[in-house]
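First up is the structure itself, then whatever we jot down about it.
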Ligand SMILES: Nc1ncnc2c1ncn2[C@@H]1O[C@H](COP(=O)(O)OP(=O)(O)OP(=O)(O)O)[C@@H](O)[C@H]1O
Ligand SMILES: [Mg+2]
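Right, dumping it as structure tokens:
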């Protein structure tokens with residue numbers, strides 16, 4: 041049994057972030073609730089990565105407030121993030137996970153069992169001894185997921201976890217994401233792949249130019265999008 045939700049809901053209230061006087065998040069209002077994955081979509085530069093970093097607590101907004109479970113300034117002990125290009129330690133796959141377990145304060149005697157469990161969850165059983173940097177791109181993504189799960193997070197942020205992967209590697213990652221969500225871990229992820237958004241999301245968040253244009257249950261988003269931009273995005277038009 042997992043502990044009671046602690047960091048959820050994550051509420052972004054009127055969030056603005058600026059870079060060189062340009063708003064890269066523009067008065068964003070968003071509630072991240074427990075349940076099926078929230079998938080953030082939108083064109084390059086829309087602010088997806090910035091949104092994930094703010095919700096993780098890595099970027100302090102210039103305006104507005106973020107609360108985790110109703111509190112502000114909550115350290116990210118129960119949240120984990122996988123960046124788009126994860127960097128592996130120059131060690132074995134198992135040692136990469138051990139490092140994450142160590143940082144999470146897990147007792148050393150528990151490491152062997154946890155490493156096996158985590159490798160198995162991400163479908164890398166048997167590859168623990170392999171140097172992490174010699175794993176394929178898709179395998180490294182799965183190892184990055186295992187490292188994030190080593191923290192036993194309540195919320196897992198994934199920034200374009202399948203970018204540049206082939207269909208088989210993408211399916212492997214999507215299967216892990218489904219398994220993670222089934223364990224009651226809240227997944228908040230970005231993607232450029234509308235098919236993936238449809239397959240995984242409970243809720244879709246559409247961003248454009250630093251704004252959240254829609255946050256809608258997935259079926260509603262694809263069947264009756266509210267905004268003109270969403271209709272164009274679904275139709276495959278370029279949103280610029
Ligand atoms: N530290 C920074 N300094 C200056 N500009 C930044 C900084 N971080 C982000 N930006 C700009 O803010 C905008 C939003 O960036 P962000 O990375 O959040 O977009 P994104 O939706 O994740 O894009 P992509 O799909 O390309 O990953 C971009 O125009 C980016 O260049
Ligand atoms: Mg990004």
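Numbering (the working numbering), first residue to last: 41 to 280. Every residue gets a Cβ at the ideal spot worked out from N, C-alpha and C, and that includes glycine.
Quiz item: What alpha helix (DSSP H) runs, 4 residues minimum, are completely inside the region 42 to 99?
Solution: 88 to 96
Practice problem: Please list, in chain order, all residues of the same chain as residue 182 whose beta carbon is under 7 Å from its beta carbon, the five residues on each side excluded. | Solution: The residue given as residue 182 occupies position 142 in the chain shown. Closer than 7 Å at the Cβ level, and outside the excluded window around residue 182, lie 162, 163, 164, 212, 213, 216.
Practice problem: Use the C-beta contact count for residue 220: other C-beta atoms within 10 angstroms, 16 or more gives buried, fewer gives exposed. | Solution: Start at 1 with the first residue of the chain shown, and residue 220 comes out as number 180. Buried, because 16 or more other Cβ atoms sit within 10 Å of the Cβ of residue 220.
Quiz item: First and last residue of the alpha helix (DSSP H) that includes residue 152?
Solution: Here the question's residue 152 lines up with position 112 in the chain shown. Counting along the chain, the alpha helix (DSSP H) containing residue 152 begins and ends at 151 to 161.
Quiz item: Does any heavy atom of ligand 4 sit closer than 7 Å to the C-beta of residue 64?
Solution: Among the ligands modelled here, namely ligand 1 and ligand 2, ligand 4 does not occur.
Quiz prompt | C-alpha gap between residue 117 and residue 92, whole angstroms | solution = Residue 117 sits at position 77 when you count from the first residue of the chain shown. Residue 92 sits at position 52 when you count from the first residue of the chain shown. Near 16 Å, if we compare the C-alpha coordinates of residue 92 and residue 117.
Quiz item: Opposite residue 111 in the DSSP bridges: which residues?
Solution: Counted from its first residue, the chain shown places residue 111 at position 71. 108, per the DSSP bridge assignment.
Practice problem: Can you tell me which of 65, 151, 193 puts its alpha carbon nearest to the alpha carbon of residue 53? | Solution: In the chain shown, counting from the first residue as 1, residue 53 sits at position 13. Minimum Cα distance to residue 53 is reached at 65.
Practice problem: Could you tell me how far apart the beta carbons of residue 191 and residue 120 are, in whole angstroms, since I believe they sit closer than 8 Å? | Solution: As a working mapping, residue 191 is identified with position 151 in the chain shown. As a working mapping, residue 120 is identified with position 80 in the chain shown. Correct: roughly 5 Å between the Cβ atoms.
Quiz item: Tell me which same chain residues have a C-beta within less than 8 Å of the C-beta of residue 144, skipping the five on either side of it?
Solution: Taking the chain shown and counting its residues from 1, the one referred to as residue 144 is at position 104. Around residue 144: 190, 191, 192.
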